[in-house]
Structures are given as structure tokens and as C-alpha cells.
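4 protein chains.
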Amino acid sequence: MPRVALVVDVVRMEERMLLDVLRSRAETETVDAGSMPLEVGSNSFDAAVIRPISMYRAAYAAASFEAARVFTVNRSETIMLAGDKMLTYARLAAARVPTPRSFYASSPQAALKAAEKLGYPVVIKAPLGSWGRLVSRVDNPVELEQLARLRQGLPCSQTRSMIVQEYLDTGGSDIRCIVMAGSLLGCIRRIAGSGEWRSNVALGARTEAYNADPALEDLVLRAAAAVKGFFVSIDVFETRERGYLVNEVNGVPEFKGFYRATGINPAVRLAEALIEELKR
Amino acid sequence: MPRVALVVDVVRMEERMLLDVLRSRAETETVDAGSMPLEVGSNSFDAAVIRPISMYRAAYAAASFEAARVFTVNRSETIMLAGDKMLTYARLAAARVPTPRSFYASSPQAALKAAEKLGYPVVIKAPLGSWGRLVSRVDNPVELEQLARLRQGLPCSQTRSMIVQEYLDTGGSDIRCIVMAGSLLGCIRRIAGSGEWRSNVALGARTEAYNADPALEDLVLRAAAAVKGFFVSIDVFETRERGYLVNEVNGVPEFKGFYRATGINPAVRLAEALIEELKR
Amino acid sequence: MPRVALVVDVVRMEERMLLDVLRSRAETETVDAGSMPLEVGSNSFDAAVIRPISMYRAAYAAASFEAARVFTVNRSETIMLAGDKMLTYARLAAARVPTPRSFYASSPQAALKAAEKLGYPVVIKAPLGSWGRLVSRVDNPVELEQLARLRQGLPCSQTRSMIVQEYLDTGGSDIRCIVMAGSLLGCIRRIAGSGEWRSNVALGARTEAYNADPALEDLVLRAAAAVKGFFVSIDVFETRERGYLVNEVNGVPEFKGFYRATGINPAVRLAEALIEELKR
Amino acid sequence: MPRVALVVDVVRMEERMLLDVLRSRAETETVDAGSMPLEVGSNSFDAAVIRPISMYRAAYAAASFEAARVFTVNRSETIMLAGDKMLTYARLAAARVPTPRSFYASSPQAALKAAEKLGYPVVIKAPLGSWGRLVSRVDNPVELEQLARLRQGLPCSQTRSMIVQEYLDTGGSDIRCIVMAGSLLGCIRRIAGSGEWRSNVALGARTEAYNADPALEDLVLRAAAAVKGFFVSIDVFETRERGYLVNEVNGVPEFKGFYRATGINPAVRLAEALIEELKR
Chain A
1187 MPRVALVVDV VRMEERMLLD VLRSRAETET VDAGSMPLEV GSNSFDAAVI RPISMYRAAY
1247 AAASFEAARV FTVNRSETIM LAGDKMLTYA RLAAARVPTP RSFYASSPQA ALKAAEKLGY
1307 PVVIKAPLGS WGRLVSRVDN PVELEQLARL RQGLPCSQTR SMIVQEYLDT GGSDIRCIVM
1367 AGSLLGCIRR IAGSGEWRSN VALGARTEAY NADPALEDLV LRAAAAVKGF FVSIDVFETR
1427 ERGYLVNEVN GVPEFKGFYR ATGINPAVRL AEALIEELKR
Chain B
1187 MPRVALVVDV VRMEERMLLD VLRSRAETET VDAGSMPLEV GSNSFDAAVI RPISMYRAAY
1247 AAASFEAARV FTVNRSETIM LAGDKMLTYA RLAAARVPTP RSFYASSPQA ALKAAEKLGY
1307 PVVIKAPLGS WGRLVSRVDN PVELEQLARL RQGLPCSQTR SMIVQEYLDT GGSDIRCIVM
1367 AGSLLGCIRR IAGSGEWRSN VALGARTEAY NADPALEDLV LRAAAAVKGF FVSIDVFETR
1427 ERGYLVNEVN GVPEFKGFYR ATGINPAVRL AEALIEELKR
Chain C
1187 MPRVALVVDV VRMEERMLLD VLRSRAETET VDAGSMPLEV GSNSFDAAVI RPISMYRAAY
1247 AAASFEAARV FTVNRSETIM LAGDKMLTYA RLAAARVPTP RSFYASSPQA ALKAAEKLGY
1307 PVVIKAPLGS WGRLVSRVDN PVELEQLARL RQGLPCSQTR SMIVQEYLDT GGSDIRCIVM
1367 AGSLLGCIRR IAGSGEWRSN VALGARTEAY NADPALEDLV LRAAAAVKGF FVSIDVFETR
1427 ERGYLVNEVN GVPEFKGFYR ATGINPAVRL AEALIEELKR
Chain D
1187 MPRVALVVDV VRMEERMLLD VLRSRAETET VDAGSMPLEV GSNSFDAAVI RPISMYRAAY
1247 AAASFEAARV FTVNRSETIM LAGDKMLTYA RLAAARVPTP RSFYASSPQA ALKAAEKLGY
1307 PVVIKAPLGS WGRLVSRVDN PVELEQLARL RQGLPCSQTR SMIVQEYLDT GGSDIRCIVM
1367 AGSLLGCIRR IAGSGEWRSN VALGARTEAY NADPALEDLV LRAAAAVKGF FVSIDVFETR
1427 ERGYLVNEVN GVPEFKGFYR ATGINPAVRL AEALIEELKR
């Protein structure tokens, strides 16, 4: 029986589901990355499922295991690439996966120039940050300059840096697909809460199952491959003129809402795919 | 003639040297990443030499160019891996490159456990940070607990996280080698200022040329390959019991001191290697 | 019946006790300073009892009420003075209330000079911060320099600034007295948890009732007056050579432990003193 | 001859002017608050002129001297009150000095409620911060909510807290008066740069001398008294409906522009007033 580490900080419903299904298929041990030190390159596991909520805790935990050539889901590279929207966009673009048109701006001055090229309204995002925080829609240069100046006071480079992006009218909905081991597991549609343009569940969006057409399936598989993701969720905008665009990839995906809407249990599929992988 | 972007924020002596030598070999343009927005995936350069001092500015600038499949030195992946000591150690360990024994600790509690396993004194480092800042030597648990608690107040994950590492008595000296396009360019030795255990030039260390033996050459070439570095500097400790250990890799290397001590001009070598690369 | 606002953010046992006793004596309304805006200088209360845990929230709430000449316990001035140890020490010293010998240092360099004058070990404190966080005992210049350098990375002036203070061996105990409306309510003794030199209850200290002698009573009444406190708790060290020294004043005092150890209910006494005050 | 300390961190033109005039009237010593520790309550000066740019450095330096009952200009209390706009407004309101209508809001939710009461546009300010940084004009709830959410990421309470204030159309100009030892020294008018609504000289405003009428003189003298300022500058808005309103008080005033526009040298006047004060 393979030895699997379930690496966590906060234990959510997802982690409890994972523990349940992993236990029946592998010798599973929960590792609390908050209180336990992780030696770089020394441990006795065959695989590690990486679930800390904190992005860096997840990436560093994964890296510690990879140092000992343990198979990780996801690997630290995927967690770092998906966790940073700037790096995600760059990898997707290099892989010819369409995304919203985006600029990197490191100062208010640069942001104003980028917005001028895009035309208003624009979206300002930080490379880092979940659940729609640090995402703003800006309608004119005065507002942009105020916001960009204020952002200069944020303490960390990855939240202070700006992605200046075209604003896409998606009617307040987006599609989230889960890719596992190179296959599409399924998709859901998230419809924004009324009066809210961001379709984050944390901001009141509701969800429903969604059937992917071949174009969408092809897109998300290529997106997952671009960040070397074994188990990732991918957020997609559907636009009239340009079809599907990938907006975000998540390297430690939440899947409670996906499970509820589709009946597909990502925890079970992950356990199966992982055992399969370890047999190779 | 190839088109090369020299991407900068602050222009140091290194950047002036690079501009000089690049200009005679390529159509070179300086791009100020502080004031100019960089479009993700659209530009007209063949290559970009990435030189911002800010690590994230460097990585995001590189990523913007890579999105358009421009050749970058170094690529964003190298800048991110080398810029983060935790990720560096994990990659080196996975590639069987020896490093100081290290643990990742995300809390005072975890740090205390790691130090207990290593034995005191230990070194506490942040994954991010240059010039010896955020590196402490700690002699006992009381001191460690104080320091770790204080670090909890730092605002960014990458500086708040801790690498707990064995303390190595290197007699206050280390070796820095520069690797360019898979070859060793040369090495220097840095000898710490008196009363200072860290051999950072910024902290008063002096430098001299150093002849690499085959073991050292092999080590640093493998280290550069482990982080996919085209032009990197690699800091090495020489220890009595365990020979050479890689302590750090720099993805946007300073080379003023190296040039002064060895007479080898990395700017010229970089320009040559880059032109060679673009001919392929 | 007077109108009293009980201003809170988090409601602890203390705030529930206060609400209980205030309700029977005044028309009392709870004001949540976290979710409600407070107009500067306009409201219909006769008095406000200020209880937010966040120091600035407490001070700004008090100031908003004072702008309308509402009687506040404590007033914003007391909250600001007591909340900042540097300002506390200065006021106490000006009022000839003995305190530990202290220096203000705004850089590692200044801290090293201060420690040299005091002799090691020294205590390093931030002006702001509760429950023993950001308080360190330092044994030598190397350790101090490390700690001071690390503190430079803290993001706020009031936590980055340093008070360099003589280390006093108090046998791990201190005395906490509560002063109400110019009278001593009572004192408790806190004895540090084993292996811990700081006598914070949050760090495992236990408490017992303590009888104040006239010297202690005089001291704490003068300390309360020095910061214009109506209802404050005062932490006192007892030393062999120099007798009682005031170490800290709290402008939004917790009193759960005091009540348990002494049987004296500060909530009842506060309600009585407040009603008395409003009659004047 | 009295002994005067000129306490500085960065030495600007103002500090050089002060040093010049103080030297001819007193035994003057420059004290660098950045590199020197300041003992709380022990020194040999008769007075201290407090000039550090950093607000807390200024306040703590003043407090250190006051602890030894040294006369300070300004005293720490004035520096803290004037340095924090929330505390300034509260003191002014309590002293019946008219100010823009203002609310304290500690969350996006509270800010939205405050703006609803005021009507849009509103001004959002942080209690701390100079030169127009962290001051935003907001036109609608969507913009306010975005800005307020973003501000939650700022690391320090005093910059994260919000003052929600009525927007006053002042035609882009304001008046700055300097009060010294209870008398009006003079006023200047600052006219905002084109396309900029904030009249900060740092943001391109130009200045001219301005004759105060008795109403303005009365207002600024009462404002200075409200914060116990010995030498303060006071920013005033002139409005059609409500006449003069005090917008800000500065406890470590810059006066280069004032001197240039009026020919009155505040450094000379300060030296004279200080010597006068010490004779009492």
C-alpha cells in the first residue's frame, strides 16, 4: 500500500473528503504544515496531496516533498504559477491559450499608460489574492490614479503589483472546470450575486452544472498543461466576440460547490488518479 | 541584427556595462519596467536581458516577454526559483546538489521543533531577501522563540516564512561562481568583514579570484541547470566534513565585484552567449 | 435617566458584564464601532464607555464622542497615552512616577548605543502591542543587532520603533492594580508560567489578590492621574533596590482575572462612578 | 545662554534655517533622532525644537525630552494630535472650531453608511499621511466599496482607518496660516495645479501671500489652542455657505513656501519666541 501525506493547515470539508477516500486506498497521514517543520528532501512518503490554504505554505510544503522526489499534487511549480495571476497569464499566452488582454504595471504611471492602450473601463488586479479581493473595476484615469496610488501602500510586492486588464462584460457569469490527470472532470457555471460583477461564490454567486463543448474542453486541458497541473480548477469567461478566455487557474482547488452542483466527487477521482500514477 | 531589450528599474554599473556591450552587437533598447507597462505576450524583441533589482519586477517583466516567446535571460522561472531560497533548496536537493540541511517552518512552534532536530546554533532565513537581511544566527530556544514570534509580524508570506538551517562554520568565507550558458565563467572568494559571520559584500566582505577545482565546477554547473539558469551566480560554502555545499543562487546577478577580482567581464560574455543563442 | 453608549468591537465577558450593570442604571445602547460610522461631534449620549479591543478603534471612537463633549471612559487622550508605552513612560517620568530606565531608539544603531549605556541584558519593546508580543529580552550586541535589523521590516512605525529598557529581575511576577475615578479599586499579583519571564496571563501566568501598601497606592494613583485615566489598570514591578516601578498602563482594561481573584466587580464600580460623574 | 536641542532626522532647508538662527541666540546642538538613542527623562537641555519628518520619531523625541520637563516645540501631545486627522477634527469640534463634516469608519460597511448620510461625492482620508497621499475623492458606492476593501490591506491601523468627509468645492485653493506662540504669523494661499483638486504643493500647487481677516485670525488662533500648538501651520478652506473651515493642522510645519511668499521668516520668529518663553 502506498504511503500518502495529506498536507493541510486549516481542515475544510474538502480536506475531510480527501482524508476519507485516501484512507481506504493508501496508508494516509495528515501533516499539519502550520505546526510541523518539513525537512527539505527527507521523508518516507510516496506521494503528498497539498492542501494548505496559504499559497506559500502550500508551495513550500510541496517543494519540501519534491526535494525528496516524492510525487506531489500539485507540484510546487503549479502552485506558484497558478497562485500568481501574472505568471499564469504569461504561461497561458506562451501556450497560445487565449486570456483577457493584460499588462503588467509596477507603478501608477505605468498603469495609466496601460489603461490608455486598453480603453476604459479596465480591471485592476493583484497577481496574488483569492476570492475577488484586490480586484477593482475602474472607469476613468482619475479613479485609476487614486487606486494605484493607494495600492503603493500595500506591503507585499505581489499584492502591490498591478495587472491592468480589459474589462469583459460576461453578464456576471463564468465557468469553472476541473481538470484531473489530463482529463476534464466537469464544469460548473457561477452566476454573480445581483449588483455584483465578480462571480466569486464568496461574494454571493450561485452555481449550476455546465456541459463543456469540445472547444471548452480543449481549452482547459491546454491551460492545465501550460501550468503542469495534475488537479486544477480553471475559470473561463465566455465572450461573444472572442469565445472562451481563461481568466484564472487554481492550484489548490476548492471543490465543495463543484461536487454539490455536478454530483462528481473530485476527492474520489483524485485518490484514483493518484494511485494510478504511483503504479507507473 | 537581433533586437534586444535591456529591462531595468535602477541603472547600476552592471546595467551600464551591459548596455555598452549589447549596443555593439544588437539593436538594443532600454525598457524601464518601473514606468512602462509591459503587455503580456506582445512585443517585437528577439531577446530580453532582465535586470530589475526588485525580484518581482524582474520576474514579471521576464514573464511578459516569455508570453510572446521572446528569449529571456534569465527566464521568469529561474528568477522565481533562485529568488526564493526555499524553492532553490528544494530544486537543488531534487537534483542531488548538496546544500546545508534545511527545514521549512511556518510558525514559531515548527521552527523550535526543526531546531531541536538540527541542534543549536541554527540559522533562520527568510525565503526572500538579499544582502544578508533577514538572516539570523540563533543559539538557544529562548532566542529562537523570540525571533520567530517577532517574525510573525512581518507583513509578507515570503519574508515571514522561515528556513531553519544547520549553522556551518565556514571561517567567514564563501565562494561565488558565475555560470553562463552551461559553462563556468569563474569564481571569487568573499571573506567576511571582521566580527561578521555573513560574507555579504554589502556587509563589508572583501573579494579575491578563486580557482575552481573539478568538483566545484561540476557542482555549480549542476546547480545552474537545476534552476534552468542561463546566467546565474552561485554561492558555495566549503566545509571540512562535507565538501562544497550550495547556499544560494542569484537569478539577476550583480557582477561588479567579480569583474574587479577576476578581470573577466560577464557583460561581454553575456552579449556573446546571447547572440550565439539567437542564431540557433 | 442618563444615556450611555457602550462602544465595542468584539464583545468579551467584560463587555457583557458592563452591559448588564449599565442597563440597570442608565438608558444604555451598544454601539458596534466595527460596522457603524461615528460622526465627529454629533450624538445624543451623555457618556460613552469605550471598549473596542483595537487601540485605534477605541481612541477614534472616544474622540468622536468627545467632539460632541460627551463624557468618555476613558477619554481618547488616556487611550492614546496608555496604548503607547513610549508616551506612557514619558508622562510618568514627567510626573515623577518611577519606571524602568528606558531609551527611545529608532534604528539598530541607536538601540545598540542605548544597550551599551544600560548594560546587558536589556529588554526591547515596541511602543504598541499587547499581551507580551513584541517584547524581547536580549543578552548581547550580536543578538540585539539581529533583532533590531529584523524589526526594521515591521510595517508600522509604532511597532517598528524600539524602547530599550533595563532588564529587571522580578522573579517572574508583577502586580496589577485597578484605579477608578481617583481611587484604588484593588490589586492582583500575576506570577509567570514556569520557564517564562513575562507575567502575561495570555502567556500562562496565574493570579492572586494582593494587598496594596500605602506606597503602592500612592504610586498607582499618581500614575493614573499622569495619563488622566478614569478607569485604568496599572502594571507594577516590585524591585529590591528601587521599590515599586510602573511598567505599563492599560486604557481599556481587561478585568476578568481581577474580578475572579479579588471578588471586586469593576463593572459595577464603573457604572456607579460614571453615574456619579454625570450628576456633577 | 540657554541650551537648545534641534532634533532632526533628515535635514531640510527649514532645519538649516533654524540651526542658523538658533545658534546666534542659544547654545544649540543638533540631535539626530535616527541614530542617537534618547533617554526618557534625562538630559541637560532647556528646550528642544522637534523637527523629524517621521511623525512618530518627532513625537517620541519630544516625549523623551518632556519626560525631563524640557520645554519642547511642539510638545508630543500637539504632534500626536495634529499628526492624526481624526484626533485633530475631534479636538477642533470640541473647541467649536468649524471643520468639514466627518465620520470615523473602521470598515467598508461603516464607510458606505457614512457616505450615504453625507451624499456623494465624498472624500476618504486616512488619519495619518502627508502631502495628499491616502486622500481620495469618491463619486459612488461601487467606487467607495472597492477603495475601502483595498484599504483593508494596508498594514497599519492609522492608515487603514477611514475618515469619510463631505466633499467641498473650494475651487482648488486653500489657505495656510502659521501660528506662533499664540499669535498669527501670516497666511498664504495655495492654488492647486491644473487638473488636480488637492492643493498640496507637493502635487504642483503654487502659493501667494494672503491677508487674514479677523474671522480667519480668530479661527486659526483657536485651532492652534485646541491642539496646544506653539508653532503650527493650519490649513483652511474658504467656502461660500459656511465660511472658513479648518481642514488640517501640522505640528512639525514646513515653511519654505511660506517664507518665499510672505518674506516672513518663521525660523527667526521661532527662535525669538522660544528665548522669550525660556525667560519666564
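Chains as they are written, first to last, in our numbering: chain A, 1187 to 1466; chain B, 1187 to 1466; chain C, 1187 to 1466; chain D, 1187 to 1466.
Note that CB positions come from ideal geometry on N, CA and C, so glycine has one too.
Bear in mind the structure is a predicted one, so any value in this text is a computation, not a measurement.
C-beta atoms of residue i and residue j nearer than 7 Å
| i | j | result |
| --- | --- | --- |
| Arg1335(D) | Arg1346(D) | no |
| Val1438(B) | Ile1420(B) | no |
| Pro1223(C) | Ala1296(D) | yes |
| Pro1294(D) | Glu1352(D) | no |
| Ala1276(B) | Ala1245(A) | no |
| Ser1359(C) | Ile1374(C) | no |
| Val1435(B) | Val1422(B) | no |
| Ser1322(B) | Leu1333(B) | yes |
| Leu1267(C) | Val1413(C) | yes |
| Tyr1430(C) | Leu1402(C) | yes |
| Gly1220(D) | Ser1288(C) | no |
| Val1259(C) | Val1226(C) | no |
| Leu1208(A) | Val1194(A) | no |
Exposure of residue i, with buried meaning 16 or more beta-carbon neighbours within 10 Å
| i | result |
| --- | --- |
| Ser1210(A) | exposed |
| Lys1465(C) | exposed |
| Pro1400(C) | exposed |
| Lys1442(D) | exposed |
| Gly1415(D) | buried |
| Arg1282(A) | exposed |
| Ser1548(C) | Here chain C covers residues 1187 to 1466 and nothing more, so residue 1548(C) does not appear. |
| Gly1449(C) | exposed |
| Ser1230(A) | exposed |
| Arg1261(C) | buried |
Span of the alpha helix (DSSP H), counted from its first residue to its last, around residue i
| i | result |
| --- | --- |
| Phe1441(B) | Where Phe1441(B) is concerned, there is no enclosing alpha helix (DSSP H), given that its DSSP letter is neither H nor E. |
| Gly1472(B) | It is not possible to answer for residue 1472(B), since the shown part of chain B is limited to 1187 through 1466. |
| Asp1206(C) | 1199-1209 |
| Asp1404(D) | 1400-1412 |
| Leu1330(B) | 1327-1337 |
| Tyr1242(D) | 1241-1252 |
| Leu1132(C) | This structure cannot speak to residue 1132(C), because chain C is shown only from 1187 to 1466. |
First and last residue of the uninterrupted beta strand (DSSP E) at residue i
| i | result |
| --- | --- |
| Ile1374(C) | 1369-1377 |
| Arg1323(B) | 1321-1324 |
| Val1350(A) | 1348-1352 |
| Ile1420(B) | 1417-1425 |
| Ile1364(D) | 1359-1366 |
| Ala1455(B) | Checking the sequence, you will find Arg at residue 1455(B) rather than Ala. Element bounds for Arg1455(B): not the beta strand (DSSP E) but the alpha helix (DSSP H), 1452-1465. |
| Ala1233(B) | 1233-1236 |
| Asn1436(B) | 1429-1436 |
Nearest-angstrom Cα separation, counted from residue j out to residue i
| i | j | result |
| --- | --- | --- |
| Glu1462(C) | Gly1372(C) | 20 Å |
| Val1196(D) | Glu1215(D) | 15 Å |
| Val1350(D) | Val1432(D) | 16 Å |
| Arg1243(A) | Val1217(A) | 12 Å |
| Tyr1306(D) | Pro1307(A) | 21 Å |
| Leu1354(D) | Val1309(C) | 49 Å |
| Arg1392(D) | Ile1361(D) | 12 Å |
| Ala1410(C) | Asp1404(C) | 10 Å |
Residue i Cβ short of 6 Å to the ligand ADP heavy atom set
| i | result |
| --- | --- |
| Arg1211(D) | In terms of ligand content, the structure shown is empty, and the ligand ADP therefore cannot be addressed. |
Meets three-Cβ-pair contact criterion under 8 Å: the stretch 1288-1302 of chain A and the stretch 1324-1331 of chain A
Under the Cβ criterion (8 Å, minimum of three pairs), the stretch 1288-1302 of chain A counts as touching the stretch 1324-1331 of chain A.
Is the stretch 1204-1218 of chain A touching the stretch 1452-1466 of chain A, taking contact as three or more C-beta pairs under 8 Å?
yes
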